[in-house]
Structure formats: C-alpha cells, structure tokens
Amino acid sequence: MANLSSPGIGSGLDVRGIVAQLVELEKRPLTTVQLRTSAAQLRLSTVGQIRGQLAALDDALRGLTLDSSYNALKVNSSSEAVSGSISGAASTGVYSVQVLQVARGQVARSDLINTGAPVGAGQLTIALGRWDGGPSFVPGPDAPIVVNISATDTLADVANKINASTDRVRAAVVQDGSQQRLVVRSIGTGVDQGFRIQANDADGNDTDAAGLSRLAYDSAAGTLGLTLTQSAQDTRVDVDGVEVSSANQTVSGVIPGVTLSVKSVTSSPVALNVERDPAAVRKALDAFVQAYNQLNTTLSEATRYDAKTRQAGPLQGDSTIVTLQSALRRLLGTPSTNPLDTRTWSDIGVRQGRDGSLSVDGAAFETAQQDPQALRSLLVGSSDAPGLARRLRDFVGGALASDGRIGLKTKAIENELQRLNEQAQRITEKAARTEERLLAQYARLDANLGRLNALGQYVNQQVAAWNKPSK
C-alpha cells in the first residue's frame with residue numbers, strides 16, 4: 001500500500017503554508033532577474049529596430065551612389081497619342097513619331113436572330129491565324145477549337161460554349177430590340193490574332209444563310225455568315241522615316257533604350273524628347289532624408305531621459321548607441337575629403353535641425369543639381385576620395401557588419417540574456433530543492449510531534465485513572 005503523507009495532521013501546523021513562505025523567500029532574487037531580463041529583451045528589440053533602420057538607410061544611400069541616378073533620362077511627348085519610357089541604355093535626343101495604325105484584334109458579328117430561338121445543330125471549328133491578302137487564311141500554331149452545338153441551343157448557349165472552350169476568342173450576345181446578334185472577338189491584338197470559324201451544319205449545307213452556317217466566318221470558302229466589323233492588325237509607327245510594327249500597343253527597338261506606347265493614330269508627327277531627368281536625384285535624396293529621420297527618431301527615443309517623469313529610454317547611457325548617433329551627426333557636418341571641393345551636405349540644401357533631423361532646401365538643391373556631374377562628384381567621389389553619400393554609406397555598412405557596433409551590441413545583449421536565463425534556472429532549481437528538503441524536515445517534525453501528543457494523552461489518561469477515587 002502506498003505511503004500517504006499529509007503534513008500537519010500530526011502536529012496541527014500549517015506545514016505547507018510555512019514551507020511555501022520559506023520557498024518564496026528563496027525565490028525572491030528571481031524577481032530581480034526577471035526584471036533585468038525584461039529590460040534586456042527591450043534593449044535587444046530596440047537594437048533590432050535600429051539595425052533594420054540602418055539597413056533602410058544603407059539602401060537609400062545606395063540610390064545616391066548609383067550613376068543611374070545622375071544619368072537618368074525621361075521621355076516627354078507633345079501628344080497623349082504616343083508616349084515613351086526608358087527601358088535601357090538611351091541617349092538624349094528629339095525624335096519625330098507618327099502612329100499610322102494601332103494594333104487590334106478581329107471582330108465579327110452575326111445577322112439578327114430571334115431571341116431564344118435555336119440556331120441549329122452541328123459543330124463550329126475556330127482557328128486563330130492570319131488573313132493573308134484578303135481571303136487566304138494561314139492558321140497559327142495552336143490547334144483549332146471544336147464546339148459542339150445541339151439542336152436546342154440558342155445564341156446565349158453558343159456564346160457560353162465558345163467561352164468555355166477557349167480563352168483565345170470571346171463571344172458575347174448583343175440585344176438589338178427583340179432580336180440578338182452574336183459578336184466574336186479575338187482576345188489578343190496583332191495581325192496574327194485573326195480567326196476563322198467553319199461550320200459543320202446538321203442541315204447538310206455549310207454555306208447557306210440558315211442553321212448553324214449563319215455563325216461561320218470563312219472568306220476563303222465563301223462562307224460569310226458573320227460580318228467582319230474589325231480586322232486584326234499590327235501597330236505601325238514611323239520614327240524619323242523608319243517604319244516599324246508591333247503586335248501590341250508598345251514598340252521597342254526603333255529608339256535605343258526607349259519603349260513607345262501608342263494609344264491612337266496621329267494625323268501628324270509627334271515630337272518625342274529624350275532628356276535628362278533631374279527628379280531621379282531628388283527622389284533618391286528624399287528617400288535618404290526619410291530613412292535618416294526615422295533612424296534619428298528611434299535613436300533619440302532610445303537614449304532619452306525625461307527629468308520630469310524620471311523615465312529613461314531602453315538604451316539611455318549606452319555608449320555604443322550614443323556614439324553611433326554622435327558619429328552620424330558628425331559625418332553630416334564633415335566636409336568632403338576632396339581638397340578641391342570642401343562642401344558639406346548643408347551646401348547642397350540638406351539642413352540638420354536642432355533635434356538632429358534632416359530637411360531639404362529645395363532651392364539650394366535645385367542650384368546644386370544644375371551641374372549633375374559636380375553633384376555626383378561631391379556625393380559619390382572616387383575610390384581614393386569617397387564622396388559624402390559614399391562615406392556615410394561606408395560608415396553605416398561598418399556598423400551593420402557582424403563585428404560592427406550593432407553586431408557586437410546584439411551579441412552582448414544576447415549573452416546577457418543567456419546568463420540571466422541560466423541564473424533564473426539556478427534559482428528555480430535551488431528553490432525546488434529547498435522545498436523538498438523543508439517538506440522532509442517538517443514531515444519528520446510532524447511525526448515526532450504526533451508521537452509526543454499521543455504519549456501526552458496516554459499519560460494524562462493514566463494520571464486521571466490513578467486519581468480517580470476507589471469505591
């Protein structure tokens with residue numbers, strides 16, 4: 001039979017309560033360790049946030065060190081009918097562009113058919129390809145689509161079956177009073193997106209104006225149940241006397257590094273100007289200022305101390321973070337290493353406020369970028385004399401390195417957390433051993449007190465018996 005123990009029964013003492021209080025005293029250092037752990041975790045989280053914002057600052061500075069930011073081009077057009085975008089290595093210049101035709105797909109419609117009336121049974125075979133020189137059809141590489149039509153199918157049923165069978169053409173029913181028309185159009189554009197519809201009419205005549213042959217379109221065979229309302233064609237563009245074509249509404253290759261997008265035919269040439277885009281450098285500068293200000297805010301909040309509330313930031317007084325913040329601010333005010341150009345960020349319009357945040361003086365920066373190569377020299381520099389942006393990026397990269405400021409700080413906090421966890425584990429284990437030992441001691445005490453109480457009761461009984469008068 002198992003040995004059951006219930007401390008306190010023999011002595012009447014609250015043994016478990018006494019032991020619990022003694023163990024709680026043993027665990028008291030754990031509260032301090034837990035508070036230190038929470039503070040370390042907050043520091044680690046804040047350092048992680050700083051690391052992420054430093055990485056964002058590094059990305060922003062990269063934009064200021066790329067040649068493409070200073071050599072960026074844009075395309076201006078004198079008409080909305082045609083526009084252009086930079087898609088590769090381009091050069092400045094003015095081009096004359098005339099849109100002769102815009103790419104489109106084929107569209108054909110049926111004659112009027114009574115709403116809800118059956119169209120006739122049979123099969124429709126739809127093939128995509130090119131109508132070459134009028135009635136001659138050259139099928140494309142894709143296999144034709146065969147659509148089975150039953151004797152009870154209406155125009156709506158035919159349209160649904162065509163759409164369910166292929167994604168290369170789209171069929172729709174258009175209501176015209178009490179009657180309907182079937183409209184079929186190719187999904188793609190270009191001369192190769194024409195289509196032919198051949199009918200295998202159950203009435204035995206595939207070319208008459210009755211039954212399913214009413215929905216055929218095959219000019220090569222003289223079957224014109226559908227009427228052509230739009231033929232498939234390519235985009236044709238004339239650029240400075242050179243004509244090029246495209247199956248869609250974009251044209252590339254005719255102007256090096258430029259892709260043209262056409263919307264409509266032009267009656268006269270359109271002037272297309274490929275010129276330098278100063279907004280690219282300003283966009284990169286704004287991204288840098290935004291990234292820096294986010295980092296500056298985080299650093300300031302992490303190291304702050306509010307004398308009124310006596311509340312400190314998680315990294316208040318941390319030499320690594322304070323030094324990082326000071327170094328960043330100092331670099332922003334340090335002149336270029338190029339002895340021929342000793343300007344600072346402030347000289348090109350990047351101002352630093354009293355709180356360390358940055359802002360851009362638009363007028364000063366506009367003046368600086370009037371000479372893009374001089375601006376590039378100041379910000380990028382050379383391998384021997386790195387410019388302002390490149391030098392700042394080198395510093396940020398060093399801080400992010402595994403053996404840099406942030407990397408070492410992260411490792412130090414992680415090591416501190418490991419030590420605190422080990423210390424908490426030791427306190428917990430020691431408290432558990434203390435509880436076990438005290439319970440054993442009080443169990444023995446309880447047993448001894450129980451025996452003494454029993455002996456005392458026996459003695460009292462005997463004394464009472466002795467003192468009882470005899471009859």
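If you're matching positions, the sequence shown starts at 1 in full-length UniProt numbering and goes up one per residue. By construction, the Cβ of each residue, glycine as well, lies at the ideal position given by its N, Cα and C atoms.
* Asked: Could you give the distance in angstroms between the alpha-carbon of TRP345 and the alpha-carbon of GLY333?
  -> As a first step, residue 345 is located in the sequence shown; it is residue number 345 there, counting from the start. As a first step, residue 333 is located in the sequence shown; it is residue number 333 there, counting from the start. Computed Cα separation, rounded: 7 Å.
* Asked: With 16 other CB atoms within 10 Å as the buried threshold, where does GLY10 fall?
  -> Reading the sequence shown from its first residue, position 10 is the one you call residue 10. Low confidence applies here, because GLY10 scores a pLDDT of 48, under 50, leaving its location unreliable and the question unanswered by this model.
* Could I get the ranges of all uninterrupted beta strand (DSSP E) runs contained in the segment 51 to 120, with 3 residues as the minimum, in chain order? => 73 to 77, 82 to 86, 93 to 101 and 107 to 109
* To do: Compute the Euclidean distance between the alpha carbons of GLN233 and LEU112, then round it to the nearest angstrom.
  => The residue given as residue 233 occupies position 233 in the sequence shown. The residue given as residue 112 occupies position 112 in the sequence shown. Taking the straight line joining both Cα atoms gives about 27 Å.
* **Contact belief for GLY194 with ASN248 at Cβ below 8 Å, rounded distance in angstroms** => Numbered from its first residue, the sequence shown carries residue 194 at position 194. Numbered from its first residue, the sequence shown carries residue 248 at position 248. Not really, about 15 Å apart at Cβ, beyond 8 Å.
* DSSP state of ILE197 mapped onto helix, strand, coil -> Along the sequence shown, one-based indexing puts residue 197 at 197. Here ILE197 sits in strand by DSSP.
* Quick one: Cα of ASP355 to Cα of ALA55, how far? -> Position 355 of the sequence shown, counted from the start, is the residue given in the question as residue 355. Position 55 of the sequence shown, counted from the start, is the residue given in the question as residue 55. Straight-line Cα distance between these residues: approximately 22 Å.
* Helix, strand or coil: how does DSSP classify GLY407 here? -> Locating residue 407 in the sequence shown gives position 407, counting from the first residue. Of the three classes helix, strand and coil, the one that applies to GLY407 here is helix, per DSSP.
* To do: Would you tell me roughly how many angstroms separate the C-alpha atoms of ILE149 and LEU228, rounded to the nearest one?
  => The residue you call residue 149 lines up with position 149 of the sequence shown. The residue you call residue 228 lines up with position 228 of the sequence shown. Roughly 22 Å between the two C-alpha positions.
* Endpoints, the beta strand (DSSP E) within which GLY122 is located -> As a first step, residue 122 is located in the sequence shown; it is residue number 122 there, counting from the start. 122 to 132 is the extent of the beta strand (DSSP E) around GLY122.
* Could you tell me if TRP131 is buried or exposed, where buried requires 16 or more neighbouring beta carbons within 10 angstroms of its beta carbon? => Taking the first residue of the sequence shown as 1, we reach residue 131 at position 131. By the 10 Å Cβ count, TRP131 comes out buried.
* **Limits of the unbroken beta strand (DSSP E) element including PRO139** => By one-based count along the sequence shown, residue 139 stands at place 139. Where PRO139 is concerned, the enclosing beta strand (DSSP E) stretches over 136 to 139.
* **Top-ranked residue by Cα proximity to GLN53, from SER87, VAL33, LEU400 and THR31** => Counting from one through the sequence shown, the residue named residue 53 turns up at place 53. Among SER87, VAL33, LEU400 and THR31, the Cα nearest to that of GLN53 belongs to LEU400.
* Asked: Apart from the five residues just before and just after ALA89, which ones in its own chain have a Cβ nearer than 8 Å to its Cβ?
  -> Within the sequence shown, the letter at position 89 stands for residue 89. Excluding sequence neighbours, ALA89 sits near PRO256 and GLY257.
* Roughly how many angstroms lie between the CA atoms of VAL138 and ARG62, to the nearest whole one? -> As a first step, residue 138 is located in the sequence shown; it is residue number 138 there, counting from the start. As a first step, residue 62 is located in the sequence shown; it is residue number 62 there, counting from the start. Using only the alpha carbons, I get a separation of about 53 Å.
* Asked: Is the distance from the Cβ of ALA172 to the Cβ of ALA164 below 8 Å?
  -> Position 172 of the sequence shown holds residue 172. Position 164 of the sequence shown holds residue 164. Cβ distance not < 8 Å, so ALA172 and ALA164 don't count as in contact.
* Through-space distance from VAL322 to ARG343, alpha-carbon basis -> Within the sequence shown, residue 343 is the residue found at index 343, counting from 1. Within the sequence shown, residue 322 is the residue found at index 322, counting from 1. One C-alpha to the other measures close to 26 Å.
* Asked: Name the DSSP beta bridge partners of GLY387, please?
  -> For the purposes of this step, residue 387 is taken as the residue at position 387 of the sequence shown. BP columns for GLY387 are empty, so no partner.
* Could you check what DSSP says for ALA412 in three-state terms: helix, strand or coil? => On the sequence shown, position 412 is the one that residue 412 refers to. It is helical.
* **ARG276 - containing beta strand (DSSP E), residue span** => The residue labelled residue 276 in the question sits at position 276 within the sequence shown. Unbroken beta strand (DSSP E) run through ARG276: 270 to 276.
* Classify GLN461 as helix, strand or coil using the three-state DSSP reduction. => In the sequence shown, counting from the first residue as 1, residue 461 sits at position 461. In the structure shown, GLN461 sits in a helix (DSSP, three-state: H, G or I).
* Taking just the CA atoms, how far does GLN34 sit from ARG437? -> The residue you call residue 437 lines up with position 437 of the sequence shown. The residue you call residue 34 lines up with position 34 of the sequence shown. So the two alpha carbons sit approximately 25 Å from each other.
* **Distance between ASN114 and GLY177 (C-alpha atoms, nearest Å)** => Looking up residue 177 in the sequence shown gives position 177. Looking up residue 114 in the sequence shown gives position 114. Near 10 Å, if we compare the C-alpha coordinates of ASN114 and GLY177.
* Is there contact between the segment 121 to 129 and the segment 287 to 307, where contact requires at least three CB pairs shorter than 8 Å? -> no
* Asked: Where does the unbroken alpha helix (DSSP H) through ALA280 begin, and where does it stop?
  -> Position 280 of the sequence shown, counted from the start, is the residue given in the question as residue 280. Element bounds for ALA280: 279 to 303.
* To do: Put ALA172 into one of helix, strand or coil per three-state DSSP.
  => Translated into positions along the sequence shown, residue 172 becomes position 172. Correct three-state label for ALA172: strand.
* To do: Would you kindly check if the distance between the Cβ of GLY211 and the Cβ of TYR217 is under 8 Å?
  => Here residue 217 refers to the residue found at position 217 when the sequence shown is read from its first residue. Here residue 211 refers to the residue found at position 211 when the sequence shown is read from its first residue. Result no, Cβ atoms of TYR217 and GLY211 do not sit closer than 8 Å.
* In the segment 245 to 269, which residue ranges form an unbroken beta strand (DSSP E) of at least 3 residues, counting only runs that do not cross its ends? -> 250 to 252 and 258 to 262
* Given a cut-off of 8 Å, decide if GLU275 and LEU73 are closer than it, judged by their beta-carbon atoms. => Reading the sequence shown from its first residue, position 73 is the one you call residue 73. Reading the sequence shown from its first residue, position 275 is the one you call residue 275. Taking 8 Å as the Cβ cut-off, LEU73 and GLU275 qualify as a contacting pair.
* Asked: By Cβ distance below 6 Å, which residues in the same chain neighbour residue 524 in space, the five residues on each side in sequence not counted?
  -> This structure cannot settle anything about residue 524, because the visible part of the chain is limited to 1 through 471.
* LEU25, buried or exposed, once every other Cβ within 10 Å from all chains shown has been counted against 16 -> Reading the sequence shown from its first residue, position 25 is the one you call residue 25. Under this definition LEU25 is an exposed residue.
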